[in-house]
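Just below is one structure, and these are the notes that go with it.
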Amino acid sequence: MIEVAFSSSFKRAFRKKIKRNRELEEIFWKKLEKFIKDPFAKELKTHKLRGKLAVG
93 MIEVAFSSSF KRAFRKKIKR NRELEEIFWK KLEKFIKDPF AKELKTHKLR
143 GKLAVG
């Protein structure tokens, strides 16, 4: 399972942008939950990192 950590700048931006919109906040948490279970789920449109960002 993946561990997700949020930076302080992300937390500030989250409060500022999403907190006002309950529907958007709900979508965010559902997508995050899905990402933790399967990071490469087709509906998330994620991909392996390449170049300098690639791990290992």
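Heads up, the sequence shown stops at 148 in our numbering, and the numbers go up one at a time, no gaps. The C-beta atom is built at its ideal place from N, Cα and C for all residues, glycine as well.
- Bounds of the alpha helix (DSSP H) holding Arg107 are Ser100 to Lys109.
- For the pair of segments examined, the segment 123–136 was found not to touch the segment 98–109: the number of CB pairs separated by less than 8 Å stays below three.
- The distance from the Cβ of Lys111 to that of Glu117 is about 7 Å, consistent with a contact at the 8 Å cut-off.
- Per the coordinates, the alpha-carbon of Val96 lies some 8 Å from the alpha-carbon of Ile128.
- Cα atoms of Arg107 and Val147: separation of roughly 30 Å, rounded to the nearest angstrom.
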